[in-house]
Amino acid sequence: MSEIQAPDIVRAAYAELVVTDLAASRWFWVDMLGFVVTVEQDDALYLRGHDELTHHSLVLRAGARPAAAAIAYRVRSAADLDRAERFFGERGCAVRRQPAGATTGVGEAVRVVDPLGFTVEFFYAIDRAERLIQRYDLHRGAHIARLDHFNIVVPDIPAAYAHYESLGFGCSETIEDEHQMFAAWMFRKQTVHDVAFTSGVGPRLHHLGFATHESHHVLTTCDIFGATEQQQHIERGPGRHGVSNAFYVYLRDPDGHRIEVYTSDYFTGDPDHETYRWSVHDERRRDYWGNAVIPSWYAEATNVLDLDAREQPLTDMVGQSEVRVGADGLGSITTGTQR
10 MSEIQAPDIV RAAYAELVVT DLAASRWFWV DMLGFVVTVE QDDALYLRGH DELTHHSLVL
70 RAGARPAAAA IAYRVRSAAD LDRAERFFGE RGCAVRRQPA GATTGVGEAV RVVDPLGFTV
130 EFFYAIDRAE RLIQRYDLHR GAHIARLDHF NIVVPDIPAA YAHYESLGFG CSETIEDEHQ
190 MFAAWMFRKQ TVHDVAFTSG VGPRLHHLGF ATHESHHVLT TCDIFGATEQ QQHIERGPGR
250 HGVSNAFYVY LRDPDGHRIE VYTSDYFTGD PDHETYRWSV HDERRRDYWG NAVIPSWYAE
310 ATNVLDLDAR EQPLTDMVGQ SEVRVGADGL GSITTGTQR
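Take 10 as the starting number for the sequence shown in the working numbering and just add one per residue.
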């Protein structure tokens, strides 16, 4: 294989989710969590956080079954679209050039099914949005500031790591033992991660991570769901991650899509930033305070679609004496072949 230059990726930019009831989704994401509505259409909502100056960071599109249609990264220049097309074409991936406006607010883009089985979009141009950073009178719910990261479920963590390393991502933290890597957090922007890998049946989307500025916004989010007797949407937390140091809560929307609302990770922009390597046997990595992780965390995630909106087939881990770790911690140790 010839050396094809990878596209210069700036950051995780938006996700597109398929939802079955747009009104119920609007209640959860807008009324409860406080996302800003940029555009509302009959079959879709385009949402953003109040710090975001681009058109959207989340698209909710009506469909028959819940799914993740795409995750999207912004690239540094229009020329990087050509690089993305060549880079993934050279690897035998399905590649589709999209005209400007194929996604409302987004310019010309390249969508691919990457080697991990995910539909990934790369774009440069996107419409600007109103600056709401200091419109404190409009901030409510979880006070969502911005999209931070995608967490994806893959059956082969080293392969996922190698793929994103080839795209120029750095690595902030891992979970390892003396023989293998069980999870990794990788970045392009100067935070802990733009993408992280959960080991398990995949490809699936584990969660979307959205940043808020203050720890009390995480707690307020829980109070809002409790006060309205909607506490069943709180899946895990609040708590403090060992990995990333994030203060977090995880919620599930009416279709089961998982969102993390979090704050308090750290800067990774130094050129000699070193990867922090957690032992898989250190219990603090999944929750720094030792809180247990519930079974749904390991078992449930969102199926992903290909370029033609068909569900991707799933593959389980294969190996002897697998250690299942979930998105940030050890789940269980099982012996035998996983298929």
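Ideal placement from N, C-alpha and C gives every residue a C-beta, glycine not left out.
Of all the options the options, which has the alpha carbon lying nearest to the alpha carbon of residue i?
i	options	result
valine 119	Leu156, Ile80 and Trp38	Ile80
alanine 22	Thr311, Ala73 and Val115	Val115
proline 75	Asn300, His242, Ser288 and Val27	Val27
threonine 272	Arg295, Asp296, Val258 and Pro280	Val258
glycine 179	Phe196, His188 and Glu139	Phe196
histidine 65	Asp232, Trp306, Asp274 and Arg155	Arg155
leucine 217	Gln14, Pro124 and Asp157	Asp157
arginine 149	Asp274, Gln107, Trp38 and Tyr82	Trp38
Can the beta-carbon of residue i be found less than 8 Å from the beta-carbon of residue j?
i	j	result
phenylalanine 367	isoleucine 268	With the chain represented from 10 up to 348, any question about residue 367 goes unanswered, as that position is not in the structure.
glutamate 117	alanine 93	no
arginine 20	aspartate 136	no
proline 212	phenylalanine 127	yes
threonine 200	threonine 284	no
alanine 310	histidine 215	yes
phenylalanine 159	alanine 24	yes
valine 373	cysteine 102	With the chain represented from 10 up to 348, any question about residue 373 goes unanswered, as that position is not in the structure.
histidine 226	arginine 144	no
alanine 301	alanine 78	no
glycine 177	isoleucine 18	yes
serine 175	alanine 192	no
By DSSP's criteria, residue i is part of a beta bridge. Which residues make up the other side?
i	result
serine 288	Glu185
threonine 128	Val122
glycine 299	Its beta-bridge partners do not exist; DSSP assigns none.
arginine 261	Arg267
histidine 158	Gly218
glutamate 320	Leu314
phenylalanine 276	Partner(s): none; phenylalanine 276 has no beta bridge.
tyrosine 23	Ala81
What is the C-beta distance between residue i and residue j, in whole angstroms, given that I count them as a contact (C-beta under 8 Å)?
i	j	result
threonine 47	leucine 56	7 Å
valine 163	alanine 169	5 Å
isoleucine 243	phenylalanine 234	6 Å
I'd like to know if residue i contacts chain D, where contact means its C-beta is closer than 8 Å to some C-beta of that chain.
i	result
arginine 286	The structure shown has no chain D; it contains just one protein chain.
Take every Cβ of the stretch 64 to 80, pair it with every Cβ of the stretch 21 to 40, and state whether three or more of those distances are shorter than 8 Å. Here the stretch 64 to 80 makes contact with the stretch 21 to 40; the two share three or more CB pairs at distances below 8 Å.
Does the stretch 182 to 189 come close enough to the stretch 86 to 100 that 3 or more CB-CB pairs lie under 8 Å? With the cut-off at 8 Å, the stretch 86 to 100 and the stretch 182 to 189 do not touch.
Between the stretch 245 to 256 and the stretch 291 to 299, can you find at least three pairs of beta-carbon atoms closer than 8 Å? Between the stretch 291 to 299 and the stretch 245 to 256, the count of Cβ pairs shorter than 8 Å is three or higher; the stretches touch.
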